[in-house]
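Visitor: Handing you this structure, nothing more for now.
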């Protein structure tokens with residue numbers, strides 16, 4: 001979009017994303033919010049409080065009111081998509097504006113999104129695709145296969161699954177070991193107590209030495 005002359009803005013609740021956005025030539029939208037605890041150890045966005053989302057909506061409303069096209073992608077693993085754009089915020093946008101809600105499959109980031117449909121509201125168009133990759137199957141398959149090969153090469157290079165203690169990607173990939181769930185987020189979703197960090201680290205070391 002930037003190469004075509006558009007002014008591109010991007011926002012993410014995780015501060016670490018700012019550098020990634022700016023490296024592509026876009027402007028990062030910074031809001032006056034406390035975001036130090038917004039990211040998990042694995043780099044995923046965390047669910048925040050209702051007060052946080054309310055302040056976020058108030059500040060984002062001023063930003064999207066100036067935008068012709070808004071694309072939302074915010075997802076939280078294992079939970080419904082957070083509402084980033086309320087009905088009032090949509091009403092504040094210019095007629096002819098378009099919202100593409102790529103989180104529609106999980107309920108959507110826009111309050112006015114209807115999953116699987118394209119709707120109109122106050123002269124604006126709201127798209128709620130639930131399986132966008134299927135609409136560009138060839139390119140999706142090429143990208144997916146390349147990512148899988150890169151991922152598997154990384155795991156093999158790290159000696160996975162025997163050696164996982166020092167590599168973050170391997171740690172986040174391993175769900176169970178020796179009949180026990182060791183992935184922190186999976187244990188949390190299953191209502192299981194967390195394993196002691198030092199125990200997990202020692203287990204990884206023991207397995208590495210035995211290989």
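Residue numbers (this note's numbering): 1 to 211. Just so you know, even glycine gets a beta-carbon here, dropped at the ideal spot from N, CA and C. Because the structure is a prediction, the values reported are computed rather than measured.
Looking at the unbroken beta strand (DSSP E) that takes in residue 21, where does it start and where does it end?
Guide: Where residue 21 is concerned, there is no enclosing beta strand (DSSP E), although the alpha helix (DSSP H) it sits in stretches over 17 to 23.
Visitor: Assign residue 166 to one of three DSSP states: helix, strand, or coil.
Guide: Reduced to three states, the DSSP call for residue 166 is coil.
Visitor: Going along the chain, which residues of its own chain have a beta-carbon closer than 7 Å to the beta-carbon of residue 33, five neighbours each way excluded?
Guide: 52, 55 and 56, listed in sequence order.
Visitor: Could you check what DSSP says for residue 177 in three-state terms: helix, strand or coil?
Guide: The answer is strand: DSSP assigns residue 177 an E or B state.
Visitor: Give the range of the beta strand (DSSP E) segment to which residue 145 is assigned.
Guide: Residue 145 -> not in any beta strand (DSSP E); alpha helix (DSSP H) instead, spanning 137 to 157.
Visitor: From what residue to what residue does the beta strand (DSSP E) around residue 124 run?
Guide: Its beta strand (DSSP E) spans residues 124 to 127.
Visitor: Measure from the alpha carbon of residue 101 to the alpha carbon of each residue in 118, 153 and 149, then state which is nearest.
Guide: That would be 118, whose Cα lies nearest to the Cα of residue 101.
Visitor: Find the nearest neighbour of residue 151 within the set 121, 122 and 167, judged by alpha-carbon distance.
Guide: Residue 151 has its Cα closest to that of 167, out of 121, 122 and 167.
Visitor: Can you tell me whether residue 83 is buried or exposed? The criterion is at least 16 other CB atoms within 10 Å of its CB, across all chains shown.
Guide: The residue is buried, with at least 16 neighbouring Cβ atoms inside 10 Å.
Visitor: List in chain order: all unbroken alpha helix (DSSP H) runs of 4+ residues lying wholly within the segment 37 to 99.
Guide: Here the runs fully enclosed are 50 to 64 and 87 to 91.
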